[in-house]
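One structure is given below, encoded as structure tokens.
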Amino acid sequence: MTFLEYAPAPESTAILNLKPEYGLFIGNEFVAAEGESFSTISPATEKEIARVANASAADVDRAVAAARKAYDKTWSKLSGRDRGKYLFRIARLVQERARELAVAESLDNGKPIKESRDVDVPLVAAWFFYYAGWADKLDYAGLGGNPRSLGVAAQVIPWNFPLLMLAWKIAPALAAGNTVVLKPAETTPLTALLFAEIVQQADLPAGVVNIITGAGETGRALVNHPDVDKVAFTGSTEVGRQIARSTAGSGKKVTLELGGKAANIVFDDAPIDQAVEGIVNGIFFNQGHVCCAGSRLLVQENIHDDVVERLKNRLSTLRLGDPLDKNTDIGAINSAEQLQRIRELSDIGEAEGAERWTAECAIPENGFWFAPTIFDNVSTSSRIAREEIFGPVLSVLTFRTPAEAIAKANNTPYGLSAGIWSDKGSRILAVADKLRAGVIWANTFNRFDPASPFGGYKESGYGREGGRHGLAAYLKGAK
Amino acid sequence: MTIERAVSPAQRAIQVLGDDLTETTLKRYLEGIPGIDAVGLEQRAAGLGTRSIKTTSKAWALDRIIELIDLTTLEGADTPGKVRSLVAKALLPDPSDLSTPRVAAVCVYGDMVPYAVEALGAAHSAGTDEGVNVAAVATAFPSGRASLAVKLADTADAVAAGADEIDMVIDRGAFLSGRFGQVFDEIVAVKEACRRADGSYAHLKVILETGELNTYDNVRRASWLAILAGGDFIKTSTGKVAPAATLPVTLSMLEVVRDWHRLTGEKIGVKPAGGIRSSKDAIKYVVTVAETVGEEWLQPHLFRFGASSLLNDVLLQRQKMKSGHYSGADYVTID
Amino acid sequence: MTHIAVPKTYKLFIGGAFPRSESGRTYEVATPKGVFLANAAKASRKDARDAVVAARGAVSGWAGATAYNRGQVLYRVAEVLEGRRAQFEDEIVRQEGVSASAARAQVDEAIDRWVWYAGWTDKFTQVVGNANPVAGPYFNLTVPEPTGVVAIVAPQDSSLLGLVSAVAPALVSGNAVVVVASETFPLSSITLAEVLATSDLPKGVVNVLTGSPAEIAPWLASHADVNALDLVGAGALDWIDLEIAAADTLKRVYPPENGPDAAAPALSRITAFTETKTVWHTKALI
Chain A
1 MTFLEYAPAP ESTAILNLKP EYGLFIGNEF VAAEGESFST ISPATEKEIA
51 RVANASAADV DRAVAAARKA YDKTWSKLSG RDRGKYLFRI ARLVQERARE
101 LAVAESLDNG KPIKESRDVD VPLVAAWFFY YAGWADKLDY AGLGGNPRSL
151 GVAAQVIPWN FPLLMLAWKI APALAAGNTV VLKPAETTPL TALLFAEIVQ
201 QADLPAGVVN IITGAGETGR ALVNHPDVDK VAFTGSTEVG RQIARSTAGS
251 GKKVTLELGG KAANIVFDDA PIDQAVEGIV NGIFFNQGHV CCAGSRLLVQ
301 ENIHDDVVER LKNRLSTLRL GDPLDKNTDI GAINSAEQLQ RIRELSDIGE
351 AEGAERWTAE CAIPENGFWF APTIFDNVST SSRIAREEIF GPVLSVLTFR
401 TPAEAIAKAN NTPYGLSAGI WSDKGSRILA VADKLRAGVI WANTFNRFDP
451 ASPFGGYKES GYGREGGRHG LAAYLKGAK
Chain B
1 MTIERAVSPA QRAIQVLGDD LTETTLKRYL EGIPGIDAVG LEQRAAGLGT
51 RSIKTTSKAW ALDRIIELID LTTLEGADTP GKVRSLVAKA LLPDPSDLST
101 PRVAAVCVYG DMVPYAVEAL GAAHSAGTDE GVNVAAVATA FPSGRASLAV
151 KLADTADAVA AGADEIDMVI DRGAFLSGRF GQVFDEIVAV KEACRRADGS
201 YAHLKVILET GELNTYDNVR RASWLAILAG GDFIKTSTGK VAPAATLPVT
251 LSMLEVVRDW HRLTGEKIGV KPAGGIRSSK DAIKYVVTVA ETVGEEWLQP
301 HLFRFGASSL LNDVLLQRQK MKSGHYSGAD YVTID
Chain C
1 MTHIAVPKTY KLFIGGAFPR SESGRTYEVA TPKGVFLANA AKASRKDARD
51 AVVAARGAVS GWAGATAYNR GQVLYRVAEV LEGRRAQFED EIVRQEGVSA
101 SAARAQVDEA IDRWVWYAGW TDKFTQVVGN ANPVAGPYFN LTVPEPTGVV
151 AIVAPQDSSL LGLVSAVAPA LVSGNAVVVV ASETFPLSSI TLAEVLATSD
201 LPKGVVNVLT GSPAEIAPWL ASHADVNALD LVGAGALDWI DLEIAAADTL
251 KRVYPPENGP DAAAPALSRI TAFTETKTVW HTKALI
């Protein structure tokens, strides 16, 4: 055995105290759902973790009613200061149970423990901590004095950052004075259900946070519920479109955080080793299950060969495998369906003539896996350069001038994020100005912070999460 | 200033820069090397630092760390007695466990070389692959503030006394004021002073004193400069200036070594020195070497730790791994 | 001797030019009492298409101009408006059938509102953008940027003021506009176009279509190269269908407003047609 194989360093699951079955969390209690339960599995082993409830339309009614009651009776009457204290409590409880939450997340989602431990869960706590402080300062949120909350927020979140997306939704909603009904993704309900226990420990007034599990049907019933005032959705552009249609004319305030096909632009004067790291982090972080992933590498033609060679060398050191092993860099693909989609698009990329390169790594027998893959010589018209793959697949394109880089970067219906790598400050700022994307990372990539607004242009959605701008999604100005 | 047409050890510079080797071409070359973004570099280093090295991997790493140590004493108060004691520790790091490997070298001031050589006796490698090397700091270590003649004499003296390795310092003042040619010439000259009567050379480690170079871009340029001028090793620090070795600095130097290897196929050594005191820290360096330049660099002629107190911490960890319980300071010897 | 008047032909305003509708259609504009005033151009879907092309072509120049420059250009528009106030007042009286003093008041307000928005160009970024104190070594700044091409259904019950109230705020950040004027009171929109054409506003930044909003708006709502839809004057249309059509490309949609306060001056009318961009940059001494 070579040193680089590293002996196994598994994070223990002993810290978890899971129930075999979870109900719906309505009015601070776990209650049984009407429909059949379904199982949530570990994508790394395909073994069942727990059974969870499938909320029916009637269950959605109950949850919305509980949220409405809590809004009318308690939460909207509470002072901002007191709302803030509840959020601070939640932030602390998340920190106290951080390891447990990280293990649960990696188990249910398949992401490496080092990411859930070092990125997801710390950010969850930070998000609650940040918005807790806003609760009694809403007059300064930029909407004039005495802004008002909206009411009941319907929140539907994706499977790529289950608990973090929950925090992005719940923290600002509660700080602004709304109550929520949140539906986690079908394949990753576990940490949301653990979060329900945290809500109980924080002794939040009943009904302020309701968590209902289920699939797309449950989500549809929730966002289209007539007693909902606000819809916040993170997920695919296709579902986002459906929500925009179905809520048209309803008066519901809608924020959508949808897909992306971010360009990561590397100029020939880039700090090359950091750029390579940034490319790797941009597309292989969280197995590429990131809406803002830097899935299109735009590299200046004169350094293309060098960058691709360095990239391949670097990818060869990535370690794919058990998400709970502390040395794992690439975990499991979240579901069989997603794996199928990644495979299909990759096959299309190959058929369209792009050069496929895959890092050599052993693929575990069970579970869903996809080795880090690069497509070189990709043309702008290729489907892998246009469609969101949502997996560890990078398309490499080249450019010759800054103007061409900008044109290619913007040549997409999406506009969520972009990266720029250069040592020349003036060029970075000028390129950042011209890129049509909501988040621009210069000489870095995939950084997130509760103080920093996140969200897209064009078909990547509307509204912002994070920062002062994130509050505006849950408030209206006094009139 | 035009620097002299390179002498034989500067063959590398001619190979890369071509025949018209002048300060201008050298400067242009060094300034054309891609920059370093400090935030990204430090994040990468921090990421490497989170690797979890357990059980068999850890046992291997601990033994290998010992084999990579330049056990060092560089005090004004050093005496022949102190050096003999250091050598004894180098040869038998843990009297309670004879399976403990020896360190790579002992590192002393030039005037202490004869005592180190004598104390090592048959265990002195003396140019072979077996045994323990003697490394001497030279060139008016640690400041380097002396005339070239003194630096060369310092070097030649240590080599003549039996030093297998010379740890020289670069002229940081010259480097920071942009006199790259002067720094280059000095390294070339010192390399030549490492030449033994039989035509072989003592290994030259070039100390950049990264704490004084301050920026990562400077560290990278100085690393290239030292390699181009013929250095066999690039070394972070004297240990007399804070900060001494850090993981990001060492990573940036390893990246230069990796790029040099890609460019020429030649392998250059790296030596972080100063400030690495715990096994935990040393393992981070081992991981960084393995994942940046490859595992093959984890051998004494390509990687060293310049350290004094690190050895005892590694021995304590080693004892813990063997016995299953924690050891104490009284169970390892003070050099 | 009496002077025989030379009436104006009211045409469309697209890309800085005044073309007739490609369809060749016109419709009669009359006073509230039914007296013929003019034949206005009745824009077709192809005119809407051409207007979007013109607007798209104008975005980068207008958005890329300095905020100070946009402010100067917009202020210049107010100056020229002021100089032609007699013509606006006359048209308002004739179209709306209101008194001369009411028309004067409307023009006063339109000019003042235009000036108010002109002054915002180099200020709204400071008010709605901010530096973000992230937990790491990063410079992090959030700024608003124009959304791009904004299609507007202008308030239908106002000839000049409604139009100005909807168009001016969209221009502040650097958007280009395709506006469907009031169907009943279209004359002021073309006279405003003449003002714009003789100010320093680059060609294509504002494009004016007269005709039937019910006919044209669906083409704009579903047009993939339109980024945002201001339905302020679409209250009487099937505006929910327009919003549904806009969902295909996830356009930003601003809902209808009714009554005398419609499109009242507000910062939110500027920010409604902006995007929020956040830029991170590493920060290090060494």
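Top to bottom, those sequences are chains A, B and C.
In terms of the UniProt record's numbering, the first sequence opens at residue 1 and continues consecutively.
In terms of the UniProt record's numbering, the second sequence opens at residue 1 and continues consecutively.
In terms of the UniProt record's numbering, the third sequence opens at residue 1 and continues consecutively.
Using N, Cα and C, we set each Cβ at its ideal position, and we do this for glycine too.
Keep in mind it's a predicted model, so treat the numbers as computed, not measured.
### Task
Spell out whether any CB of chain A is found under 7 Å from the CB atom of C/Arg269.
Along the third sequence, one-based indexing puts residue 269 of chain C at 269. Answer no: the Cβ-Cβ gap between C/Arg269 and chain A never drops below 7 Å.
### Message
Let me see if you follow: with CB-CB separation under 7 Å, is A/Tyr457 close to chain C or not?
### Response
Counting from one through the first sequence, the residue named residue 457 of chain A turns up at place 457. Chain C contact via Cβ: present.
### Message
Could you check whether the region 140-155 of chain A touches the region 180-193 of chain A, counting it as contact only if at least three pairs of C-beta atoms, one from each stretch, sit closer than 8 Å?
### Response
yes
### Task
Name the two residues that bound the continuous beta strand (DSSP E) containing A/Asp376.
Within the first sequence, the letter at position 376 stands for residue 376 of chain A. Element bounds for A/Asp376: 373-376.
#### Entry: Status (buried if at least 16 other CB within 10 Å, exposed otherwise) for B/Met112
On the second sequence, position 112 is the one that residue 112 of chain B refers to. Flag for B/Met112 reads buried.
### Query
Within 7 Å (strictly less), CB to CB, does B/Val39 reach chain C?
The sequence position of residue 39 of chain B within the second sequence is 39, counting from 1. B/Val39 counts as touching chain C.
#### Entry: Distance, B/Trp60 Cα to A/Asn446 Cα
Residue 446 of chain A sits at position 446 when you count from the first residue of the first sequence. Residue 60 of chain B sits at position 60 when you count from the first residue of the second sequence. The alpha-carbon atoms of A/Asn446 and B/Trp60 are separated by roughly 35 Å.
### Query
Looking at the unbroken beta strand (DSSP E) that takes in A/Ser395, where does it start and where does it end?
In the first sequence, counting from the first residue as 1, residue 395 of chain A sits at position 395. 393-399 is the span of the beta strand (DSSP E), which, as asked, contains A/Ser395.
### Query
Closer than 7 Å, CB to CB, is C/Pro137 near chain B or not?
The residue given as residue 137 of chain C occupies position 137 in the third sequence. Interface residue, yes.
### Message
According to DSSP, is C/Asn130 part of a helix, a strand, or is it coil?
### Response
Here the question's residue 130 of chain C lines up with position 130 in the third sequence. Of the three classes helix, strand and coil, the one that applies to C/Asn130 here is strand, per DSSP.
### Query
Between the region 191-222 of chain B and chain C, which residues of the former have CB atoms less than 8 Å from a CB of the latter, in chain order?
Asn214, Thr215, Tyr216
### Message
For the pair the region 61-71 of chain C and the region 168-186 of chain C, tell me if three or more CB-CB distances fall below 8 Å.
### Response
yes
### Message
Please report the straight-line C-alpha distance between C/Asp50 and C/Gly57, rounded to a whole angstrom.
### Response
For the purposes of this step, residue 50 of chain C is taken as the residue at position 50 of the third sequence. For the purposes of this step, residue 57 of chain C is taken as the residue at position 57 of the third sequence. So the two alpha carbons sit approximately 11 Å from each other.
### Query
Name the chain B residues that come within less than 9 Å of A/Thr444, Cβ to Cβ?
For the purposes of this step, residue 444 of chain A is taken as residue 444 along the first sequence, with counting starting at 1. By Cβ distance, chain B contributes Asp37, Val39, Gly40, Gln43.
### Short CB-CB distance (under 7 Å) between B/Arg304 and chain A
Counting from 1 along the second sequence, the entry for residue 304 of chain B is found at position 304. No, B/Arg304 lies away from the interface with chain A (no Cβ there is under 7 Å from its Cβ).
### Query
Given that a residue counts as buried once 16 or more other Cβ atoms are within 10 Å of its Cβ, and exposed if not, what is C/Tyr138?
Residue numbering aside, residue 138 of chain C sits at position 138 when the third sequence is read from its first letter. C/Tyr138 is buried by the Cβ-count criterion.
### Task
Measure from the alpha carbon of C/Gly15 to the alpha carbon of each residue in C/Gly34, C/Asn258, C/Ala48, C/Pro7, then state which is nearest.
Your numbering for residue 15 of chain C matches position 15 in the third sequence. C/Gly15 has its Cα closest to that of C/Ala48, out of C/Gly34, C/Asn258, C/Ala48, C/Pro7.
#### Entry: Beta carbon proximity, A/Asp273 to chain B, threshold 7 Å
Here residue 273 of chain A refers to the residue found at position 273 when the first sequence is read from its first residue. Closer than 7 Å: yes.
#### Entry: For A/Arg51, three-class secondary structure by DSSP
The residue labelled residue 51 of chain A in the question sits at position 51 within the first sequence. In this structure, A/Arg51 counts as strand in the three-state DSSP scheme.
### Message
Using CA atoms only, rank isn't needed, just tell me which of C/Asn258, C/Leu229, C/Thr125 is closest to C/Val179.
### Response
Stepping through the third sequence from its first residue, residue 179 of chain C is reached at position 179. Of C/Asn258, C/Leu229, C/Thr125, the residue nearest in Cα terms is C/Leu229.
### Beta-carbon proximity list for A/Arg68, same chain, < 6 Å, skipping 5 on both sides
The residue given as residue 68 of chain A occupies position 68 in the first sequence. Closer than 6 Å at Cβ, skipping near neighbours: Val152, Asp227.
### Query
Can you name the residues of chain A whose CB is closer than 8 Å to the CB of B/Ala290?
Counting from one through the second sequence, the residue named residue 290 of chain B turns up at place 290. Those within 8 Å of B/Ala290 in chain A are Phe3, Leu4.
### Message
Contact criterion: CB-CB distance below 7 Å. Does B/Lys320 meet it with respect to chain A?
### Response
Stepping through the second sequence from its first residue, residue 320 of chain B is reached at position 320. So, not an interface residue.
### Start-to-end residues for the beta strand (DSSP E) that takes in A/Thr218
In the first sequence, the residue the question calls residue 218 of chain A occupies position 218. Taken as a continuous stretch (DSSP letters only), A/Thr218 belongs to no beta strand (DSSP E), being part of the alpha helix (DSSP H) at 216-223.
### Message
Taking a contact to mean a Cβ-Cβ separation below 7 Å, would you say residue 486 of chain A touches A/Pro43 in this structure?
### Response
There is simply no residue 486 of chain A to check, as chain A begins at 1 and stops at 479 in what is shown.
### Task
Identify every run of the alpha helix (DSSP H) within the region 125-193 of chain A, keeping only runs that are complete inside it and at least 4 residues long; order them along the chain.
162-175
### Query
Can you give the beta carbon distance from B/Val73 to B/Ser308, rounded, assuming they're within the 8 Å contact cut?
The sequence position of residue 73 of chain B within the second sequence is 73, counting from 1. The sequence position of residue 308 of chain B within the second sequence is 308, counting from 1. Reading off the sequence, residue 73 of chain B comes out as Thr, not Val. Contact flag correct, Cβ pair sits at about 6 Å.
### Message
Suppose you measure from the CA of B/Glu22 to the CA of B/Pro300; what does that come to, to the nearest Å?
### Response
Against the second sequence, residue 22 of chain B aligns to sequence position 22. Against the second sequence, residue 300 of chain B aligns to sequence position 300. The question names Glu, but residue 22 of chain B is Thr in the sequence shown. One C-alpha to the other measures close to 34 Å.
### Under 7 Å by beta carbon: chain B residues contacting C/Ile286
Reading the third sequence from its first residue, position 286 is the one you call residue 286 of chain C. Going along chain B in sequence order, the residues near C/Ile286 (Cβ under 7 Å) are Ala38, Asn214, Thr215, Tyr216.
### Message
Does the CB of C/Leu250 have a neighbour CB from chain A at under 7 Å?
### Response
Indexing the third sequence from 1 puts residue 250 of chain C at position 250. It does; some Cβ of chain A falls within 7 Å.
### Task
Could you tell me which residues DSSP puts in a beta bridge with C/Glu275?
Numbered from 1 along the third sequence, position 275 holds the residue referred to as residue 275 of chain C. According to DSSP, which records beta bridges pairwise, C/Glu275 is partnered with C/Glu145.
### Query
Looking at the unbroken alpha helix (DSSP H) that takes in B/Thr288, where does it start and where does it end?
Here residue 288 of chain B refers to the residue found at position 288 of the second sequence. From DSSP, the alpha helix (DSSP H) with B/Thr288 extends over 279-292.
### Query
Three-state secondary structure (DSSP) at B/Pro80?
As a first step, residue 80 of chain B must be located in the second sequence, where it is residue number 80. B/Pro80 falls in the helix class under three-state DSSP.
### Query
What residues of chain C sit near A/Gly438, judged by a beta carbon separation below 8 Å?
Within the first sequence, the letter at position 438 stands for residue 438 of chain A. Chain C residues near A/Gly438: Glu275, Thr276, Lys277, Thr278.
### Query
In three-state DSSP terms, what is residue 480 of chain A?
Nothing in the structure corresponds to residue 480 of chain A, since chain A is present only between 1 and 479.
### Task
Pull up the distance between the alpha-carbon of B/Leu26 and that of B/Ala136, whole angstroms please.
Taking the second sequence and counting its residues from 1, one reaches residue 26 of chain B at position 26. Taking the second sequence and counting its residues from 1, one reaches residue 136 of chain B at position 136. Between B/Leu26 and B/Ala136, the C-alpha separation is close to 29 Å.
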